[in-house]
Amino acid sequence: MKTATAAAATAGLLFGTNSFVASFGSSLASYESRYRSSATTKNPNFVSPLSMSPPSSADTDTSTEKTSFIETELRGAAMKLHTRAQAPKEGKAPEQQKREPYKTTSDDYLAFLVDSQHVYKAIEDVVNDNEELAVFRNSPLDRVVALDADIDFMVKEYNLEKPSVGKAGQDYASVIRELGNDGSVPEFLCHYYNFYFAHTAGGRMIGKQMSALLLDKKTLEFYKWDRKLNEIKDRVKGDIEDLVAPWSAEEKKRCTDQTMAAFRGGGSLNGYLAGGQSHH
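Using UniProt numbering, the first residue of the sequence shown is number 1, and each one after it goes up by one.
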C-alpha cells in the first residue's frame, strides 16, 4: 500500500469555467487542438478544459448513409450548448468565464468515480427493467463492473476512504430512475447516449490526464473496453438508430429536449474534478 505522492496530491485540472454544463460540453475537437498546442509546455500540471460531449461525425467511422438521428438532431442539440469558441459554426452558449486553476486530488477523483458508478448503475437498472431497451442490456459500454475494480484499487493502493455517493450522483441518478419509472424512453435515451458516449470522448481524456497526474500512469478499468472501441460505438449507435427510426417527430423532440438536463447531470459529476462539489 502506498500514499499518493505530493505531486499527485497537488496535481491540477484546469477548467475554464465554473459552469458544470460547459465543462461537460466543450467539444472534443476544441480540446484536442488545445491539448496539442500545450503538449510541450514546461508546466506538467497544465491541463486544458475537457470534452465531455459525444464525438462528431468527423471523429467516428459511420457505416450508414441514411439520415442519422444521432448525427443530426441529437448532436445538433448538443452543439448548441457549446460556446462559439468551442464550436464556431454551431455554438450558441455564452462564453465561459475564466477562473483560477483548481488542484485536483486523489480524493476528488475517487468521489468522481463513485458518483459516476452510481449513475451508471441507475442507467443499467432502467435498461434491465424496460423491454423496449433490451437491446442495450449487457452492453460493452456498461461501466459498473469496471468501476468496482477501480474504486477498490484507489482505496487500497492510496489508502483512501471510499466516500458515500455525493449529492451530484444521487440527484442525477434520481433523474434517470424517474424517467425509467415513467417509461419515458425518448427522454431516457438522450441521457443514455450523452452519458455513455461522452465517456468514450472527453472522458478518455480525463482518464489519461488523471493517470499521469495521480496514478503513476496506470490506466483504470473505467477506460478499457473488451474490443475495439469504434466497433462497439458503431454497434450501439446502430441500435439507437433502429430504436428511434419509428418514432414520431414529437418523440424525437422529447429526446433532444433532454440535452440540457443530460449536460447538467454529467457536468455536475465533473464538478468534483474542478473543486465545485462536496464529497458528501
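Beta carbons are placed, not taken as given, at the ideal position from N, Cα and C, and that holds for glycine.
Quick caveat: nothing in here was measured; it's all calculated off a predicted structure.
Local Cβ density within 10 Å of residue i, reported as buried at 16 or more and exposed below that
i, result
"Thr104", "buried"
"Pro246", "exposed"
"Ala11", "Model confidence at Ala11 stands at a pLDDT of 32, short of 50, so the residue's coordinates are unreliable and nothing is read from them."
"Ser268", "buried"
"Asn138", "exposed"
"Thr259", "buried"
"residue 315", "Residue 315 lies beyond the residue range present for the chain, which begins at 1 and ends at 280; the question has no answer from this structure."
"Ala77", "buried"
Same chain, Cβ closer than 8 Å to residue i, five either side skipped, listed in chain order
i, result
"Val136", "The question names Val, but residue 136 is Phe in the sequence shown. Here the set comprises Val127, Tyr192, Val236, Asp239."
"Lys252", "Phe69, Glu73, Pro186, Val244"
"Gly166", "Ala111, Val114, Asp115, Tyr272, Gln277, Ser278, His279, His280"
"Asp171", "Gly265, Ser268"
"Val155", "Leu110, Glu161, Lys162"
"Arg177", "Ala122, Asp125, Val126"
"Arg227", "Pro140"
Among the options, the one whose alpha carbon lies nearest that of residue i
i, options, result
"Ser106", "Gly202, Gly166, Ser211", "Ser211"
"Tyr109", "Lys208, Asn138, Ile70", "Lys208"
"residue 287", "Tyr272, Glu90, Pro140, Arg99", "The requested residue 287 does not occur in the structure, where the chain is confined to residues 1 to 280."
"residue 301", "Asp142, Gly183, Leu273, Ala85", "Outside the shown range of the chain, which is 1 to 280, sits residue 301, and nothing can be said about it."
"Trp225", "Asp152, Lys66, Thr200", "Thr200"
"Phe197", "Asp171, Asp234, Pro163, Ser164", "Asp234"
"Ala134", "Ser248, Phe263, Asp242", "Asp242"
"Glu157", "Asp216, Ser164, Ala168, Asn130", "Asp216"
C-alpha distance - residue i paired with residue j, whole-angstrom precision
i, j, result
"Arg75", "Pro101", "30 Å"
"Gln117", "Asp150", "10 Å"
"Ala87", "Met79", "7 Å"
"Ser184", "Ser174", "14 Å"
"Gly180", "Leu160", "34 Å"
"Asn230", "Ala274", "29 Å"
"Ala85", "Gly91", "8 Å"
"Leu214", "Ala261", "30 Å"
"Asp115", "Ala249", "34 Å"
"Lys66", "Asp182", "31 Å"
"Leu81", "Phe195", "15 Å"
"Phe263", "Lys89", "20 Å"
"Gly169", "Tyr223", "19 Å"
"Asp152", "Asp257", "37 Å"
Cβ-based neighbour list, residue i, same chain, cut-off 6 Å, excluding 5 preceding and 5 following
i, result
"Cys255", "Pro186, Leu189, Cys190"
"Lys2", "With a pLDDT of 46 at Lys2, under the threshold of 50, the predicted position of this residue should be treated as unreliable, and no value is reported."
"Glu132", "Val185"
"Ser164", "none"
Neighbourhood of residue i by C-beta, 7 Å cutoff - its chain only, sequence neighbours within 5 removed
i, result
"Glu221", "Ala146, Ala149, Asp150"
"Lys218", "Ser211"
"Glu121", "Inspection of the sequence shows that residue 121 is occupied by Lys rather than by Glu. Cβ within range, chain order: Val144."
"Thr40", "Reliability fails at Thr40, whose pLDDT of 33 lies under 50, so the model's placement of it is uncertain and the value that follows must be treated cautiously. So no residue of the chain qualifies."
"Asp129", "Gly180"
"Ile232", "Pro140, Leu141, Trp225"
Mind listing, in chain order, the continuous alpha helix (DSSP H) runs of no fewer than 4 residues lying wholly within the stretch 138-223? 144-157, 167-181, 185-200, 202-214
Can you list, in chain order, the stretches of the alpha helix (DSSP H) that have 4 or more residues and sit fully within the stretch 68-137? The stretch 68-137 contains these whole alpha helix (DSSP H) runs: 75-79, 106-129.
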